[in-house]
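Note that the sequence shown ends on residue 328 in the UniProt record's numbering; no numbers are left out.
Positions of the beta carbon are idealized from the N, C-alpha and C atoms, including for glycine.
Have a look at the structure below before the remarks.
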Amino acid sequence: MATIKDIASLAGVSPATVSRVLNYDPDLSVGIETKQKVFEAAEELNYTKHKKGTKTAKAKILFVQWYDEVEELEDIYYLSIRLGIEKKAEEMRIELVKRSMEELEHETADGILALGKFDKAEADFLFDKNPNLLFVDFDALDLGYNSLVIDFQQSLSTVLAYLAQHGHQEIGILAGEEYTRGSHELLEDKRLKIFKEILEQKDLLHEEYILKAPFTVNSGYDVMKQFLSRQPQTFPTAFFASSDALAVGALKAIQEVGLKVPEDISVIGFNDISVAKYVSPPLTTIKIHTEWMGELAIETILSIIYEQAPIARKITIATELIERASTR
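Structure (structure tokens):
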């Protein structure tokens with residue numbers, strides 16, 4: 001694992017700054033550019049290149065991102081996928097052109113990679129611009145479009161089996177809330193849906209332990225702090241958070257009210273962003289191989305461009321649980 005000093009050296013900042021950035025210190029006053037350098041350095045040093053026979057491809061791909069630079073730093077999950085996409089494109093000498101939705105009107109390319117969440121109107125607009133289209137981290141198969149997504153069913157089954165194995169019967173969830181940019185449509189957190197289905201079957205679902213918040217550290221902190229203030233004596237023995245950013249915020253809130261992690265409450269995150277290793281205690285989490293997901297996105301859009309498949313496809317990526325000190 002890369003050390004704080006390693007990250008500081010690559011980012012060109014002090015180790016103290018790195019530590020405060022990675023722990024989302026609210027009192028740290030540094031610019032977005034510095035934070036981006038730190039997070040990208042942390043991801044770079046934890047990046048594992050997947051060795052393959054590398055081929056070059058002559059292609060121009062438009063890259064449309066849902067998050068802007070500021071939002072990307074609130075939860076660096078998408079930053080990590082972006083880095084994987086960019087590295088693979090560079091390796092294969094593909095022309096990758098970043099564009100916003102508004103900038104696509106007069107742009108031509110061989111295909112479009114769309115990273116993030118989009119509503120139907122946005123998805124249809126992108127397809128009309130270029131039918132060689134792949135959505136990454138958005139299940140658009142019901143709309144008839146190619147998708148590369150995470151296997152949430154397998155992920156939640158792993159989390160809940162792990163917690164049951166360790167004796168947890170009262171389990172809460174800090175689910176994510178997010179909206180499409182165009183129509184501001186609330187998107188369902190599929191992790192919450194599967195969480196409820198599995199625990200209902202086991203007669204272990206506690207509705208009062210279901211919390212929801214936007215996918216940011218501050219939101220996770222605020223919602224957990226409010227929950228523990230309302231019922232300081234009644235809380236689950238474990239919380240699953242739908243992202244590491246939410247989990248990091250929850251960790252801070254739990255410790256701030258005088259409870260211990262994992263002695264009083266175990267916490268499990270989702271994504272295994274580089275930050276998860278550096279918080280205190282280090283975060284148990286579901287690992288998504290985000291950089292590899294970015295690499296696979298490039299390979300998949302190329303196959304869409306060159307193979308001209310007769311029907312849309314959905315590629316589902318499995319995950320694994322990484323056990324660290326935030327659970328017992």
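Using 10 angstroms around the beta-carbon of residue 306, count the other beta-carbons present and answer buried if the total reaches 16, otherwise exposed. exposed
Distance between beta carbons of residue 24 and residue 248, contact taken as under 8 Å: 6 Å
Please classify residue 300 as buried or exposed, where buried requires at least 16 other C-beta atoms within 10 Å of its C-beta. buried
According to DSSP, is residue 332 part of a helix, a strand, or is it coil? Residue 332 lies beyond the range of the chain shown here (1 to 328); nothing can be said about it.
Contacting residues, own chain, Cβ-Cβ under 6 Å from residue 294 (five flanking each side not counted): 81, 84, 85
Rounded straight-line distance, which links the Cα of residue 225 to that of residue 219: Those two C-alpha atoms are separated by around 10 Å.
Reducing DSSP to helix, strand and coil, say where residue 147 ends up. In this structure, residue 147 counts as strand in the three-state DSSP scheme.
Could you check which residue in 110, 63, 156, 1 has the C-alpha nearest to that of residue 318? 156
Quick check: the stretch 282-292 against the stretch 313-328, are there 3 or more CB pairs under 8 Å? yes
Candidates 222, 158, 3: which alpha carbon is nearest residue 174's? Nearest of 222, 158, 3 to residue 174, Cα basis: 222.
Return the first residue and the last residue of the alpha helix (DSSP H) that residue 162 is part of. Its alpha helix (DSSP H) spans residues 152-165.
Ranges of the beta strand (DSSP E) found wholly within the stretch 59-147, counting only runs of at least 3: 60-65, 95-98, 111-115, 133-136
Beta-bridge pairing of residue 257 - partner residues as DSSP gives them: None; residue 257 has no bridge partner.
For residue 198, is the classification buried or exposed, using 16 other Cβ atoms within 10 angstroms of its Cβ as the cut-off for buried? Counting C-beta atoms within 10 angstroms of its own C-beta, residue 198 has 16 or more neighbours from the protein chains shown and is therefore classed as buried.
Residue closest to residue 211, alpha-carbon to alpha-carbon, out of 200, 112, 33, 189: 189
With three or more C-beta pairs closer than 8 Å as the rule, is the stretch 228-246 touching the stretch 59-79? As far as the Cβ criterion goes, the stretch 59-79 touches the stretch 228-246, which means the pair count is three or higher.
Using three-state DSSP, classify residue 179 as helix, strand or coil. strand
My guess is that residue 115 and residue 62 are in contact by the Cβ rule of under 8 Å, so how many angstroms apart are they, rounded? Incorrect: roughly 11 Å between the Cβ atoms, too far for contact.
With burial defined as no fewer than 16 other Cβ atoms inside 10 Å of the residue's Cβ, what is the status of residue 316: buried or exposed? exposed
Should residue 191 be labelled buried (16 or more other beta-carbon atoms within 10 Å of its own) or exposed? With 16 or more neighbouring CB atoms inside 10 Å of its own CB, residue 191 falls in the buried class.
In whole angstroms, what is the alpha-carbon distance linking residue 203 and residue 167? Distance between the alpha carbons of residue 203 and residue 167 is about 15 Å.
Around the Cβ of residue 67, are there at least 16 other Cβ atoms within 10 angstroms (buried) or fewer (exposed)? buried
Nearest CA to the CA of residue 6: which residue from 31, 26, 40? 40
Taking C-alpha atoms, which residue in 264, 184, 16, 320 lies nearest to residue 290? 320
What does the alpha-carbon distance come out to for the pair residue 170 and residue 79? Looking at the two C-alpha atoms, the distance is approximately 34 Å.
N-terminal and C-terminal residue of the beta strand (DSSP E) that residue 33 is part of: Per DSSP, residue 33 belongs to no beta strand (DSSP E); it is in the alpha helix (DSSP H), 32-46.
Hey, residue 19 and residue 32: beta-carbon distance below 8 Å or not? no
Given a cut-off of 8 Å on the beta-carbon distance, is the pair residue 28 and residue 38 in contact? Cβ distance not < 8 Å, so residue 28 and residue 38 don't count as in contact.
Among 209, 160, 296, which residue has its Cα nearest to the Cα of residue 88? 296
Check whether the Cβ atoms of residue 1 and residue 193 lie closer than 8 Å to each other. no
Short check: CB of residue 213 to CB of residue 178, under 8 Å? no
Three-state secondary structure (DSSP) of residue 202: Coil, per DSSP.
Roughly how many angstroms lie between the CA atoms of residue 302 and residue 132, to the nearest whole one? 9 Å
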